[in-house]
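There are 2 protein chains.
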Amino acid sequence: MSDSEHSDWQKTTIDSAQAEQHPETARAVAKIKALRQSIDNIDSAIVSLLAERFKATSQVGVLKANAGFAPEDTKREDYQIERLHRIAVDAGLDLQIAEMYREFVVTEAKKRHQRIAEAGGDPGVLDVFA
Amino acid sequence: MSDSEHSDWQKTTIDSAQAEQHPETARAVAKIKALRQSIDNIDSAIVSLLAERFKATSQVGVLKANAGFAPEDTKREDYQIERLHRIAVDAGLDLQIAEMYREFVVTEAKKRHQRIAEAGGDPGVLDVFA
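Residue numbers (the UniProt record's numbering), protein chains in the order written: chain A, 1 to 130; chain B, 1 to 130.
Laid out in structure tokens, this is it:
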């Protein structure tokens, strides 16, 4: 492959027409496409599960606000850290990724709990609540 | 509830022994526990799916490094943004959450692609790869 071709490929997305002139690259492109379809399917599942997760945490937020509990719960967080760490090891997931995921969902859930508490336990304050 | 009790509850995690003295609060605690079990089940599923997602993106990283493709792919990202937006609307997920999820997984996948590329296409550079 010439330098200019290589440079084109570095800059642009995968162009299968261009790639088909090179059989080995064409095989790589086909494999990448198949993997991307699996990645897209996994994303569909995760986004659907995140929707369910935030519906559940919004309900927790309403219950907490009405009962006078604080949005933060450090014991619960310690339990979640230990538990997700264990599941990540079993699943073969980089522990850093598992911890980033946990921090992301817990932080966002707490922000939403705070908004519900400030609205006097009214979940309508969130954009989405079913 | 007295001010001091309220203040205790604000600071601490939910104490069911304490809560059972107050029937309404006890009901809220029971509901929160049930919701938390569902949240934990959802987290198990998501962490397992994230493990599969990063296995797939690591394979993409190896194929890209060997074929000389760049870790970044803006066309692919535009497609993912539009697609996940659509799925989030269908699922009833806050679009901000969906976009944060997408940015998190794409950013981390790109970092790992970069590390694989720098290691000459060797996936062993990652902590986890199966």
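Where is the CB? At the ideal position from N, CA and C, for every residue including glycine.
Closest Cβ-Cβ distance between residue 132 of chain B and chain A: below 8 Å? What the structure shows of chain B is the stretch from 1 to 130, and residue 132 of chain B is not part of that stretch, so it cannot be assessed.
Let me make sure I understand the geometry here. Which of A:Ile46, A:Thr25 and A:Arg53 has the alpha-carbon closest to that of Leu84 of chain B? Leu84 of chain B has its Cα closest to that of A:Ile46, out of A:Ile46, A:Thr25 and A:Arg53.
Using a Cβ-Cβ distance under 8 Å, would Glu99 of chain A count as near chain B? Judged by the 8 Å Cβ criterion, Glu99 of chain A is not in contact with chain B.
Quick one: is Ile32 of chain A near chain B, going by C-beta distance under 8 Å? It does: the Cβ of Ile32 of chain A has a partner Cβ on chain B nearer than 8 Å.
Do you know how far the Cα of Asp73 of chain B is from the Cα of Ala28 of chain B? One C-alpha to the other measures close to 48 Å.
I'd like to know whether the C-beta of Ala117 of chain A is nearer than 8 Å to at least one C-beta of chain C. No chain C appears in this structure, whose protein chains are A and B.
Does DSSP put residue 136 of chain B in a helix, a strand or coil? There is simply no residue 136 of chain B to check, as chain B begins at 1 and stops at 130 in what is shown.
Cβ shell of Arg102 of chain B (< 8 Å), same chain only, five flanking positions each side left out: Leaving aside the five residues that flank Arg102 of chain B on each side, the residues in its chain whose CB is nearer than 8 Å to its CB run, in chain order, Gln80, Ile81 and Leu84.
Can you list, in chain order, the residues of the segment 68 to 81 of chain A whose Cβ is nearer than 8 Å to any Cβ on chain B? Contact annotation: in the segment 68 to 81 of chain A, residues whose CB is within less than 8 Å of a CB in chain B are Gly68, Phe69, Ala70, Asp73, Thr74, Lys75, Arg76 and Gln80.
Distance check for Glu77 of chain A and Thr107 of chain A, CA to CA, integer angstroms please. In a straight line, the C-alpha of Thr107 of chain A is about 11 Å away from that of Glu77 of chain A.
State the CB to CB distance for the pair Lys75 of chain A and Leu63 of chain B, rounded to an integer number of angstroms; the pair is presumed to be in contact (CB under 8 Å). Rounded, the Cβ-Cβ distance is 44 Å, inconsistent with contact.
Quick check: is the beta carbon of Gln21 of chain A nearer than 8 Å to any beta carbon in chain B? No, Gln21 of chain A does not count as interfacial toward chain B.
Check whether the segment 32 to 44 of chain B and the segment 92 to 99 of chain B touch, using three or more Cβ-Cβ pairs below 8 Å as the test. No, they do not touch.
Excluding five sequence neighbours on each side, which residues of the same chain lie with their C-beta closer than 7 Å to the C-beta of Ala98 of chain B? Leu84, His85 and Ala88.
Along the chain, where does the alpha helix (DSSP H) containing Ala91 of chain A start, and where does it finish? That run of the alpha helix (DSSP H) goes Thr74 to Ala91.
Beta carbon of Ala51 of chain B, beta carbon of Ser38 of chain A: below 8 Å? Not a contact, by the Cβ cut-off of 8 Å.
Over the uninterrupted alpha helix (DSSP H) stretch that includes Phe104 of chain B, give me the two end residues. Counting along the chain, the alpha helix (DSSP H) containing Phe104 of chain B begins and ends at Leu95 to Glu118.
Report yes or no: is there a C-beta of chain B within less than 8 Å of the C-beta of Gly92 of chain A? By this cut-off, Gly92 of chain A is an interface position.
Excluding sequence positions up to five away, which residues of its chain have a Cβ less than 6 Å from the Cβ of Ala65 of chain A? Correct list, in chain order: Ile116, Ala117 and Gly121.
How many angstroms separate the CA atom of Lys111 of chain A from the CA atom of Gln59 of chain A? Each residue's alpha carbon lies about 14 Å from the other.
Kindly say whether Asp122 of chain B, judged by its beta-carbon, lies nearer than 8 Å to any beta-carbon of chain A. Chain A contact via Cβ: absent.
Taking Cβ positions only, does Val47 of chain A come closer than 8 Å to chain B? Yes, contact with chain B.
Just the C-alpha distance for Leu49 of chain A and Ala70 of chain A, rounded to the nearest angstrom, thanks. A direct Cα-to-Cα measurement between Leu49 of chain A and Ala70 of chain A gives close to 25 Å.
Quick one: Cα of Ala119 of chain A to Cα of Phe54 of chain B, how far? Going by the C-alpha atoms only, they are around 39 Å apart.
Closer than 9 Å at the beta carbon, the chain B residues around Val60 of chain A: Simply Lys31, Ile32, Leu35, Arg36 and Ile39.
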